[in-house]
Amino acid sequence: MSALVACLFATPLAYLAVRGLTEGGTLAAWTSGATVVPLARTLLLGVSVATASAVLGTALAWLVARTDLPGRRAARLLLPLPLVMPSFIAAFALVAAFAPGGLLAGLLEPVGVARLPAFEGFWGALYVLTLFTYPYVYLPVAARLGQLPASLEESARLLGRGPAAVFRTVVAPQAAGAVWAGTLLVFLYTISDFGAVQLLRYQTLTSSIYASRVFDRSGALAQSLLLGLLAVAVVAAERSATRGAGPGRLAAGARSLRVPLGRWRAAAVALVAGVVGLALVAPVGVLAFWAVRGLAAGSTRAGALVSDAGELALPAAHTAAMAVLAALVAVAAVLPVAYLTVRHASRLAGAANAVIVGGFALPGLVVALALAFWTLQAPWPLAALYQTEALLVFAYVVHFGSQALRASQVAVAGVPSRLDDAARTLGAGRLRRLRTVDLPLATPGLLAGAGLVLLSTMKELPATLLLAPPGFETLATRIWNATEDAYLADASLAALFLLALSGVLTWFLVVRRGNAPT
Amino acid sequence: MSRKSTVVALALLLALALAGCGSDRDALTIYSGRTQNLIGPLLEKFNKETGIAIDVKYGDSAELALLLDEEGDRTPADVFLSQSPGATGFLAGKGHLGQLDADVLGKVDTRFRNGDGRWVGISGRQRVLVYNSEQVTEAGLPDSVLDLTGDRFAGKVAIAPANGSFQDFVTAMRQLEGEDATQTWLKAMVANKPRTYANNNAIVEAVSRGEVAMGLVNHYYNYRFQQESPGTPSRNHTFADGDVGALVIPSTASVLAGSDKTEEASRFLHFLLTEESQRYFSDQTFEYPLVAGVPAASGLPPLASLHSPDYDVDALGGGLERTVELIRTSGFDGV
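Chains as they are written, first to last, in the working numbering: chain A, 1 to 518; chain B, 1001 to 1335.
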């Protein structure tokens, strides 16, 4: 089962290897300055964004899951949402907001602020990508913390430790697995991001791949393969570093603990409000500004969204259907691998783990071309799937399966094996144990994983454009179409709609159900 | 697992069911690098007039070209519409494009179609220098793009080196000014510290904010920004007649070699070149109609008066590998 899953997930890497062999020039491309310099920038940005997101995401998760933070419910809904912003429109909006001469500068001018600092390059990319990716850490860590027994923390508090000390000595070690899992996803997202880095003018490996994709194809293929191998190497290193981590502790049904923030309350509220403000309110504000301006001006153009927003209904239905399907299939597909890696650390499981994670580091364009290549090579029943919704869902699963995998691994690791053993002693079969012990306890974590896949799928663009059946529109393709022509109002309307839809789906499928047990 | 697997099984069934009703096998399938906003209404009109059903896949021209190459003779596509001759030339070079009818080709001046009859231009875009009128006056702008290497433009020019239109422009420059002169110009531009951007949109947006004073783009982007943000200080400056900087580049239409609907495809190309469709391009997108006798949109100079330099448009397709290499070795960021 795991072997089959691994083979399916290996299709993009296998494509790159086959293409690399037929086109040649792989080694030459790897050692050329045109690869080495952007690769160094990719690594620098990846490590920096991963570190920043790990800190921010963990802090936010702890505040929401474990403290008496005012407005927790709102924060719980709002904090995952920056993940759904397609970076090509959100980065565009943030540049328009914060760059010199932009909207913020216009607002500040009357107050005497003459010129804002440049909003670009490494720092601009670090800022924007951290704001868009911290939910990768926030979601699994919040899910994990929601399940931790409160007893240890309570003891620590009774011994007179403050919130910070409790966090450091008790919470952090327990949540480490989830933090690692999320941080790895942030790293992979960052190294494969193209939309944000290109708009912020920071040239990474994906910029080189983009520039050479048609007219220096062997170079682009070699650089893509390098991204994939980088992901595999990082996963291998992570696994050997975290091997031997103890089994999770868990007391299901234990009432959760709320640490009173006391004098830290204002600072905590400021942090959460600041993050929501910069990652969500600022880009949404810009989009709303463009949308309202466009709605006020109206349009005579046929098919303009500002005159007929009903055009969004079908793309929205497509987006929701694909995202829910991809999320469900992804979790179901990676669950066996998650079990195998956590419960029986076999070589096969390690390999499956690596190829699944590798799919996330590859540009969506590569995933799409790889699936086109393999599907068209395949015999009849499979070849007939080309440019169908089924293949598109498969592409999303291959591309984003790692997000479900990491969350599932954390969830499965959180189920104490002694419960399983006890059930076995009582004569429960494998399936029954899975149903009555493992799945209920792992559900919040699995939902978090499904939520990540859901949100990523909703905004996915390059693979959707190439693999969707002709005429099949999603909100992301709509946004892209409008952005290409600089129809800012139309793009903004569609983006706001995408955000609202994501909010609703996140609420119903992830937040509400994930919280049910606590 | 049972409940979960039921859900998954249902989901897969749903996906397969959806798949069945996805595309229409008898429809004319178009891969379009031109966006839906622009081409969608024309497709509907063609469908109404002829009754020919259309399936369309929108995407980035270069990426669709890569997909078409991957699909080879199994492609479902019949027609490929591209933003630029570069992606089309790539496909022609790989033998993926079929021969077009002589009467389709005959509607467009030889300057804007392929010599082997593999593609035809359907609208024209001119290269211009977009500038911020609050930072520079038009009188201070050069007559030739070659002069942008001067000291007074140091750090002030925006370029999108990975963009197809910029690459087309460099290819034309190689042909008109020669390989050495082009290399010298590119290196002098790099030495003049240009600001590199992702694409034309990003340049016009940055110029209108005043982040950079001017930038090399296609002419129609600024019209679009003017419509969305009235009062923005971005303006187009056209280089002198015959200057390589004032190049007019066609967007293209072609028919796939493996298409089994060549007759319908041919009718569609005819339709794109009718006076009405050409007028639509001009009025809706401020692009230049390429069919003789169709006037450009009000506010635009007529195509005949543009004096785009005389160049062999086919070189835009064939010579791009070398162009990309030249741009890269000149030291531009982001290529």
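The beta carbon of each residue, even a glycine, is placed where N, CA and C say it ideally should be.
Note that this is a predicted model, so its numbers are computed, not measured.
Alpha-carbon to alpha-carbon, leucine 467 of chain A and threonine 457 of chain A: 13 Å
Sequence-distant residues of its chain with Cβ nearer than 7 Å to alanine 390 of chain A (five each side left out): none
Glutamine 198 of chain A: contacting residues in chain B (beta-carbon distance under 7 Å): Result: Ala1198.
Interface partners of glutamine 223 of chain A on chain B, CB under 8 Å: Here the premise fails: no neighbours, minimum Cβ distance about 13 Å.
Under the three-state DSSP convention, the category proline 1126 of chain B falls into: Reading off the sequence, residue 1126 of chain B comes out as glutamine, not proline. If DSSP states are grouped into helix, strand and coil, glutamine 1126 of chain B belongs with the strands.
Beta carbon proximity, proline 80 of chain A to chain C, threshold 9 Å: The chain labelled as chain C is not found among the protein chains of the depicted structure, namely A and B.
Residue ranges of each alpha helix (DSSP H) within the segment 1220-1253 of chain B, 4 or longer: 1220-1228
Near-chain A residues of the segment 1030-1062 of chain B (beta-carbon distance less than 9 Å), N- to C-terminal order: Ile1030, Tyr1031, Thr1035, Gln1036, Asn1037, Leu1038, Gly1040, Pro1041, Glu1044, Ile1054, Asp1055, Val1056, Lys1057, Tyr1058, Gly1059, Asp1060, Ala1062
Short CB-CB distance (under 9 Å) between threonine 1323 of chain B and chain A: Yes, threonine 1323 of chain B lies at the interface with chain A (some Cβ there is under 9 Å from its Cβ).
9 Å Cβ cutoff, glycine 1072 of chain B in contact with chain A: yes
Contacts that asparagine 1201 of chain B makes with chain A (C-beta to C-beta distance below 9 Å): Phe92, Thr483, Glu484, Asp485, Ala486
Best match in A:Leu447, A:Ala486, A:Phe472 for proximity to threonine 388 of chain A [C-alpha to C-alpha]: A:Phe472
Chain B residues whose Cβ lies nearer than 8 Å to that of valine 522 of chain A: Residue numbering for chain A in the displayed model covers 1 to 518; residue 522 of chain A lies beyond these limits and cannot be assessed.
Selection from A:Ala296, A:Asp438, A:Leu340, A:Ser32 that minimises the alpha carbon distance to aspartate 421 of chain A: For aspartate 421 of chain A, the closest alpha carbon among the candidates A:Ala296, A:Asp438, A:Leu340, A:Ser32 is that of A:Asp438.
Cβ-based burial, glutamate 1287 of chain B [other Cβ within 10 Å; buried from 16]: buried
Residues that DSSP places opposite alanine 1158 of chain B in a beta bridge: B:Arg1195, B:Gly1215
Supposed close pair leucine 1256 of chain B, alanine 1077 of chain B - CB separation, criterion 8 Å: 5 Å
Interface partners of glycine 445 of chain A on chain B, CB under 7 Å: Neighbours of glycine 445 of chain A on chain B: none; closest Cβ ~14 Å, over 7 Å.
C-alpha distance - leucine 1129 of chain B paired with threonine 1238 of chain B, whole-angstrom precision: 6 Å
Beta carbon proximity, phenylalanine 360 of chain A to chain B, threshold 9 Å: no
Selected residue, minimal CA-CA separation from serine 2 of chain A, among A:Ala176, A:Arg347, A:Leu499: A:Arg347
Any 3 or more C-beta pairs closer than 8 Å across the segment 80-96 of chain A and the segment 185-196 of chain A: yes
Cα-Cα separation between proline 263 of chain A and glutamate 1134 of chain B, rounded to whole angstroms: According to the sequence shown, residue 263 of chain A is arginine rather than proline. Cα-Cα distance, rounded: 50 Å.
Terminal residues of the beta strand (DSSP E) in which aspartate 1356 of chain B lies: Residue numbering for chain B in the displayed model covers 1001 to 1335; residue 1356 of chain B lies beyond these limits and cannot be assessed.
Residue of A:Val275, A:Val393, A:Ala368 minimising C-alpha distance to histidine 318 of chain A: With distances taken between Cα atoms, histidine 318 of chain A lies closest to A:Val393.
Residue closest to leucine 200 of chain A, alpha-carbon to alpha-carbon, out of A:Ala99, A:Arg73, A:Tyr487: Nearest C-alpha to leucine 200 of chain A: A:Ala99.
Identity of the residue in A:Leu104, A:Leu426, A:Tyr202 nearest leucine 43 of chain A by Cα: Closest by alpha carbon: A:Tyr202.
Ordered list of alpha helix (DSSP H) runs contained in the segment 81-169 of chain A, each at least 4 residues: 87-98, 103-108, 121-145, 150-158, 163-166
Glutamine 1183 of chain B at chain A interface by Cβ criterion, 9 Å: no
Counted within 10 angstroms of its Cβ, other Cβ atoms place proline 522 of chain A as buried (16 or more) or exposed: The structure shown does not extend to residue 522 of chain A, since chain A spans only 1 to 518, so no value can be given for it.
For alanine 404 of chain A and tyrosine 1280 of chain B, the rounded distance between their alpha carbons: 47 Å
Reduced DSSP category for glutamate 1268 of chain B - H, G, I as helix; E, B as strand; rest coil: Per the sequence presented here, residue 1268 of chain B reads as phenylalanine, with glutamate not at that position. Three-state DSSP puts phenylalanine 1268 of chain B in a helix.
Partners in chain A for tyrosine 1288 of chain B, counting only beta-carbon separations shorter than 8 Å: The contacting residues do not exist; tyrosine 1288 of chain B stays about 17 Å from chain A at best.
Cβ neighbours of leucine 1247 of chain B in the same chain (closer than 8 Å, five flanking residues each side left out): Gln1126, Arg1127, Asp1168, Phe1169, Ala1172, Ser1308, Pro1309, Tyr1311
Straight-line gap, leucine 77 of chain A to leucine 376 of chain A (C-alpha atoms, nearest Å): 42 Å
Helix, strand or coil at proline 1289 of chain B according to DSSP, with G and I counted as helix: strand
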